[in-house]
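These protein sequences, in sequence, are chains R and D. Read in order, the letters of the first sequence correspond to residues 9 to 266 in our numbering. Read in order, the letters of the second sequence correspond to residues 9 to 266 in our numbering. Ideal Cβ placement from N, Cα and C applies to all residues, glycine included. Below: the structure, in structure tokens.
There are 2 protein chains.
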Amino acid sequence: MNSERPLILVTNDDGITAPGIRALIEVMNEIGDVYVVAPDSPQSAMGHAITINNTLYCDKIIIDADAPQKEFSCSGTPVDCVKIATHEILTRKPDLCVSGINHGSNSAINVIYSGTMSAAVEAGIEGIPAIGFSLLDFSMNANFEPTKPFIKRIVANVLQNGLPKGVVLNVNFPKLEEDQIKGMKICRQANAHWEEEFDKRTNPMGRDYYWLSGKFVNSDKGEDTDEWALANGYVSIVPTQFDLTAHHYIQELNSWEL
Amino acid sequence: MNSERPLILVTNDDGITAPGIRALIEVMNEIGDVYVVAPDSPQSAMGHAITINNTLYCDKIIIDADAPQKEFSCSGTPVDCVKIATHEILTRKPDLCVSGINHGSNSAINVIYSGTMSAAVEAGIEGIPAIGFSLLDFSMNANFEPTKPFIKRIVANVLQNGLPKGVVLNVNFPKLEEDQIKGMKICRQANAHWEEEFDKRTNPMGRDYYWLSGKFVNSDKGEDTDEWALANGYVSIVPTQFDLTAHHYIQELNSWEL
């Protein structure tokens, strides 16, 4: 590999063979030397889970014999993939970690459930500039082509400007053709939530069980949110942090009689 | 149940039979009407994972026949427990959700991997005042007695003052006797991280596998952090939020050439 090209770690949560990560690998091969370390099976909604009570397998595999990237399939979560990549597979700290392209939205509160974004956050914790990419299309046949020029511009900016310690980017793409996308917007996370619905069924043994489902509800009318940008034809970029301290509430808590 | 007493949801990530949650249930029974909905097996380090590709079981069980609480054992993650409790089990929104007492620390960056805190965060997302409690002792024989008077004071304050939308509390206890604890401190999350180490082994079939382990490194010298408080004999209380937007970086990002 050419050492003057950036070293790029690619991961995701839909699994190493998902079309979204294959599209991201293709774009990254144009930009740098690519290592892929991704889950061997779908890991959506795994949040920041890590594997501490089970063994981890991580095997070198070849999915596309004609392509230059090196690939490793891992039995763990997206966060496990980042940890094992940086500590066991890569010989130096990567210049960038990209996660995705996720099949489905990671805007608003979805960021907190997202394996895609948790992988990017883990890279951020390790001091690696990191970006999570998601397309608002759950389909396995989703069209990732329109996202590619935007990904290139965002990655070029991150490689040039860097990202401050403690900040990673959460990028979501609307499900639109390239010429329908109006541009990119820097946003805040919309104040939205899921209204859960449980589908209760009975198994053949007569025991009740549930399927989790739900409805996404956005009650945030702000035009500076990711939800607004996506609904209005823009790519949303939310700078995302992992200092979870509610600094604004420290002063008030100090007035409590504890 | 007496409807004038607060309705309290108790959960954890170590599993419904763990000594930590049994101690927390005991304290909550003195304060309100208690429902326990907790994982049927250990779910440590599950972060904010939810179960979307698998069935969920949730069964009423009796662990302590002489105690007043109602208990449900759930096959899912801590976040699943909160969702199923609020949408399928409880007949009204609880006045409080407490999670723990965790066997082991959830201070600093541990908050992001923690099933205990993710359960509290999920309750917060649903608009329920919520607190995660953790003791800096991984042992199954950990002594939870010293934490009880502090838990009562914190819960009394939360029930009286409420918590603002978007804020939950992350409470950690040092491993000390009650008379050795100097008091409680409102803190920020320390800027600490894990230095991963992977223990590589070979299984009987000759295939390599890994165990994730690591060393906790605190590089944050601030005396306003949870790590400082715990190391100096205080209970740490960190107000914790789930708006992950790095608001301070939005202005800078807007100057990028995207």
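Is the shortest distance between the beta-carbon of residue i and the beta-carbons of chain D less than 7 Å?
i         : result
Val163(R) : no
Pro247(R) : yes
Tyr242(R) : no
Met192(R) : yes
Asn149(R) : no
Ile29(R)  : no
Ile69(R)  : no
Gly55(R)  : yes
Lys78(R)  : no
Tyr217(R) : yes
Phe4(R)   : Examination of residue 4(R) is not possible in this model, given that chain R is present from 9 through 266 alone.
Val179(R) : no
Leu238(R) : no
Leu32(R)  : no
Ala254(R) : yes
Ile159(R) : no
Ile39(R)  : no
Phe146(R) : no
Arg196(R) : yes
Val44(R)  : no
Asn10(R)  : Interpretation of Asn10(R) is limited by its pLDDT of 46, a score under 50 that renders its predicted location unreliable; the figure taken from the coordinates is listed afterwards. Chain D contact via Cβ: absent.
If we define contact as Cβ-Cβ less than 7 Å, is residue i a contact residue for chain B?
i         : result
Ala128(R) : Of the protein chains in the structure, R and D, none is chain B.
Between the options, which has its C-alpha nearest residue i's C-alpha?
i         : options                                       : result
Asn180(R) : Lys229(R), Glu134(R) and Ile117(R)            : Ile117(R)
Pro27(D)  : Ile189(D), Ile16(D) and Ser147(D)             : Ser147(D)
Met227(R) : Gly214(R), Gln197(R), Val243(R) and Asp216(R) : Looking at the sequence shown, residue 227(R) is not Met but Ser. Here the closest residue by C-alpha is Gln197(R).
Pro172(D) : Lys68(D), Ile133(D) and Gly84(D)              : Ile133(D)
Asp145(R) : Ile189(R), His255(R), Ser113(R) and Leu266(R) : Ser113(R)
Trp219(D) : Thr63(R), Ile159(R) and Phe224(R)             : Thr63(R)
Phe141(R) : Pro157(R), Glu153(R), Gly135(R) and Thr124(R) : Thr124(R)
Gln188(R) : Asn240(R), Val166(R) and Ala200(R)            : Asn240(R)
Ala200(D) : Asn178(D), Lys208(D) and Phe224(D)            : Phe224(D)
Thr210(R) : Ala131(D), Leu143(D), Asp48(D) and Asp67(D)   : Asp67(D)
Val106(D) : Glu96(D), Val129(D) and Glu260(D)             : Val129(D)
Gly191(D) : Arg161(D), Thr99(D), Ile33(D) and Ile29(D)    : Arg161(D)
Asp22(D)  : Ile33(D), Ile109(D) and Glu34(D)              : Ile109(D)
Gly214(D) : Asp232(R), Tyr65(R), Glu34(R) and Lys156(R)   : Tyr65(R)
Pro182(R) : Ile245(R), Glu204(R), Val90(R) and Thr25(R)   : Ile245(R)
Ile258(R) : Asp232(D), Ile39(D) and Pro86(D)              : Asp232(D)
Val18(R)  : Ile33(R), Lys156(R) and Glu185(R)             : Ile33(R)
Thr94(D)  : Tyr121(D), Ile69(D), Phe158(D) and Ile136(D)  : Ile136(D)
Lys193(R) : Glu260(D), Ala150(D), Lys193(D) and Ser81(D)  : Glu260(D)
Ile39(R)  : Leu143(R), Val175(R), Leu167(R) and Glu203(R) : Leu167(R)
Ser263(D) : Asn165(R), Asn149(R), Ala31(R) and Ser122(R)  : Asn165(R)
Val163(R) : Ala31(R), Leu266(R), Leu177(R) and Pro154(R)  : Leu177(R)
Asp216(R) : Glu96(D), Gly174(D) and Tyr242(D)             : Glu96(D)
Tyr7(R)   : Val119(D), Cys195(D), Ser221(D) and His56(D)  : Lying outside 9 to 266, the shown extent of chain R, residue 7(R) is not represented and no answer is given.
His111(D) : Thr25(D), Glu204(D), Pro14(D) and Cys82(D)    : Thr25(D)
Checking contacts by CB at 7 Å: is residue i closer than that to chain R?
i         : result
Leu143(D) : no
Leu64(D)  : yes
Lys91(D)  : yes
Arg100(D) : no
Tyr121(D) : yes
His111(D) : no
Glu96(D)  : yes
Tyr257(D) : yes
Asn262(D) : yes
Just mark residue i as buried or exposed, buried being the case when its beta carbon has 16 or more other beta carbons within 10 Å.
i         : result
Asp88(D)  : buried
Pro47(R)  : buried
Met36(R)  : buried
Asp99(R)  : Rather than Asp, the amino acid found at residue 99(R) in this sequence is Thr. Flag for Thr99(R) reads exposed.
Pro102(D) : buried
Lys91(R)  : buried
Gly170(R) : exposed
Asp234(R) : buried
Tyr115(R) : Looking at the sequence provided, one finds Ser at residue 115(R) rather than Tyr. Answer is buried; the Cβ neighbour count reaches 16.
Ile16(D)  : buried
Gly84(D)  : buried
Ser126(R) : buried
Ala73(D)  : exposed
Ser221(D) : exposed
Give a single yes or no on whether residue i has its beta carbon closer than 6 Å to a heavy atom of the ligand GDP.
i         : result
Met148(D) : Among the components modelled here there is no ligand, and therefore nothing to report on the ligand GDP.
Residue ranges of each beta strand (DSSP E) within the region 176 to 224 of chain R, 3 or longer: 191 to 194 and 200 to 210
The region 71 to 82 of chain D in contact with the region 39 to 47 of chain D per 3-pair CB rule at 8 Å: Three or more beta-carbon pairs drawn from the region 71 to 82 of chain D and the region 39 to 47 of chain D are found closer than 8 Å, and the two stretches are therefore classed as touching.
Touching by the beta-carbon criterion (3+ pairs, under 8 Å), the region 250 to 260 of chain R and the region 246 to 255 of chain D: yes
Validate contact between the region 53 to 63 of chain R and the region 47 to 60 of chain D using beta carbons, cut 8 Å, 3 pairs: Contact between the region 53 to 63 of chain R and the region 47 to 60 of chain D is present, because at least three Cβ pairs lie under 8 Å.
Start-end ranges of the beta strand (DSSP E) lying completely within the region 35 to 78 of chain D, minimum 3 residues: With a minimum length of 3 residues, the continuous beta strand (DSSP E) runs that stay inside the region 35 to 78 of chain D are 41 to 47 and 66 to 69.
Any alpha helix (DSSP H) of 4 or more consecutive residues that is wholly inside the region 92 to 174 of chain D: Taken in chain order, the unbroken stretches of alpha helix (DSSP H) that lie wholly in the region 92 to 174 of chain D and span 4 residues or more are 123 to 133 and 156 to 169.
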